[in-house]
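Here the structure is laid out as structure tokens; the discussion comes afterwards.
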Amino acid sequence: MKPPGWSLNDLHQFHPDDVEEMDITWQMAMAAFRAHKFAQKTGRNKWFDENEWTVIEPLPLYGWGRDADGGRYISLIFGTNLTDVIITGNNGTINSQGSPWWVKYRAGQLKYTRPYLIELMYSDGIQISNLTLIDSPSWNIHPIYSSNIIIQGITILAPVKSPNTDGINPDSCTNTRIEDCYIVYGDDCVVVKGGWDEYGITYGMQLVLSLCEL
Numbered sequence: 004m005k006p007p008g009w010s011l012n013d014l015h016q017f018h019p020d021d022v023e024e025m026d027i028t029w030q031m032a033m034a035a036f037r038a039h040k041f042a043q044k045t046g047r048n049k050w051f052d053e054n055e056w057t058v059i060e061p062l063p064l065y066g067w068g069r070d071a072d073g074g075r076y077i078s079l080i081f082g083t084n085l086t087d088v089i090i091t092g093n094n095g096t097i098n099s100q101g102s103p104w105w106v107k108y109r110a111g112q113l114k115y116t117r118p119y120l121i122e123l124m125y126s127d128g129i130q131i132s133n134l135t136l137i138d139s140p141s142w143n144i145h146p147i148y149s150s151n152i153i154i155q156g157i158t159i160l161a162p163v164k165s166p167n168t169d170g171i172n173p174d175s176c177t178n179t180r181i182e183d184c185y186i187v188y189g190d191d192c193v194v195v196k197g198g199w200d201e202y203g204i205t206y207g208m209q210l211v212l213s214l215c216e217l
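Note that the working numbering has the sequence shown beginning at 4, numbered continuously upward.
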């Protein structure tokens, strides 16, 4: 598939269901395009309307959603079964505008678990670097069931009272390196995870974290 230019007018030729076949850059472009078209059509911001979000299955390591029973809203940047993934920028900023999610979570108004900012599953060769991430609805960076990961030069910012806005959560991953990151958050800075209680034990994914520097 030869990508067109970065104009929103060029992206109409692709159906949204094709997004899983695209690389991470294309997923970001398509997410922006869909939000733009939704705002044009309805006058509302799709990022703030959870009813317009895709709901995916709970992670096997957790058994059910962390915020509520059942599934979870798909992450802003999401990929699965990928190889050689690079998400980077010249200290560019991704502002997730997560405060409406925090309000609805605290009020018990969400049917499913809040979306993460970046989640990569079953992937190998991941680099996430030189970005500023602001106000994620929940966790910021969540590689899971993945290997050979470098997370470097990341700034993560959220109010200290924002709910569960963890910085970096490598989950059942191998060969993970985290360095030169600055994190101000509403929960945990870096959490090394292996699932949740009996579900993590049953699933039995090994976790190896190496060369971790903060």
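The beta-carbon is built from N, C-alpha and C at its ideal position, and this holds for glycine as well.
Through-space distance from Ile144 to Ile77, alpha-carbon basis: To locate residue 77, count along the sequence shown from 1; it is residue 74. To locate residue 144, count along the sequence shown from 1; it is residue 141. Looking at the two C-alpha atoms, the distance is approximately 13 Å.
Member of Tyr188, Leu123 and Leu136 whose CA lies at the smallest distance from the CA of Ser175: Sequence index remark: in the sequence shown, residue 175 carries index 172 (1-based). Of the listed residues, the one whose Cα sits closest to Ser175 is Leu123.
As assigned by DSSP and simplified to three states, the class of Glu60: By 1-based counting over the sequence shown, the position of residue 60 is 57. In the structure shown, Glu60 sits in coil (DSSP, three-state: anything other than H, G, I, E or B).
Beta-bridge partners of Asp127, as assigned by DSSP: Position 124 of the sequence shown, counted from the start, is the residue given in the question as residue 127. Per DSSP, Thr86 and Ser150.
Where Asn54 falls: helix, strand or coil (DSSP): Position 51 of the sequence shown holds residue 54. Helix, per DSSP.
Where Asp138 falls, given that 16 or more other Cβ within 10 Å makes a residue buried: As a first step, residue 138 is located in the sequence shown; it is residue number 135 there, counting from the start. The residue in question, Asp138, is buried, as its Cβ has 16 or more Cβ neighbours within 10 Å.
Within 7 Å, strictly: CB atoms of Asp169 and Ser150: To locate residue 169, count along the sequence shown from 1; it is residue 166. To locate residue 150, count along the sequence shown from 1; it is residue 147. No. Outside cutoff.
DSSP beta-bridge partners of Thr96: Your numbering for residue 96 matches position 93 in the sequence shown. According to DSSP, Thr96 bridges with Thr135.
Backbone secondary structure at Val163 - three-state DSSP: Mapped onto the sequence shown, residue 163 falls at position 160. In the structure shown, Val163 sits in coil (DSSP, three-state: anything other than H, G, I, E or B).
Asn172 burial status per 10 Å Cβ neighbour count (16 or more: buried): As a first step, residue 172 is located in the sequence shown; it is residue number 169 there, counting from the start. The residue is buried, with at least 16 neighbouring Cβ atoms inside 10 Å.
Buried versus exposed call for Asp70 [16 or more other C-beta atoms within 10 Å across all chains shown]: Within the sequence shown, residue 70 is the residue found at index 67, counting from 1. That one is buried.
Classification of Gly101 by the beta-carbon crowding that lies within 10 angstroms, buried from 16 upward: Working through the sequence shown from its first residue, we reach residue 101 at position 98. With 16 or more Cβ atoms within 10 Å of its Cβ, Gly101 is classed as buried.
Tyr76 in three-state terms, based on DSSP: On the sequence shown, position 73 is the one that residue 76 refers to. Of the three classes helix, strand and coil, the one that applies to Tyr76 here is strand, per DSSP.
Euclidean distance between Cα positions of Ile152 and Trp105: Here residue 152 refers to the residue found at position 149 when the sequence shown is read from its first residue. Here residue 105 refers to the residue found at position 102 when the sequence shown is read from its first residue. The straight-line gap from Cα to Cα measures roughly 29 Å.
Contact check, Pro146 vs Ile129, beta carbons under 7 Å: As a first step, residue 146 must be located in the sequence shown, where it is residue number 143. As a first step, residue 129 must be located in the sequence shown, where it is residue number 126. Yes, Cβ-Cβ distance for Pro146 and Ile129 is below 7 Å.
Per DSSP, the bridge partner or partners of Val194: Taking the first residue of the sequence shown as position 1, residue 194 is located at position 191. According to DSSP, which records beta bridges pairwise, Val194 is partnered with nothing at all.
Inter-residue spacing [alpha-carbon to alpha-carbon] between Val107 and Asp190: Position 104 of the sequence shown, counted from the first residue, corresponds to residue 107. Position 187 of the sequence shown, counted from the first residue, corresponds to residue 190. Strictly speaking, residue 107 in this sequence is Lys, with Val absent from that position. Spanning the two alpha carbons is a distance of roughly 18 Å.
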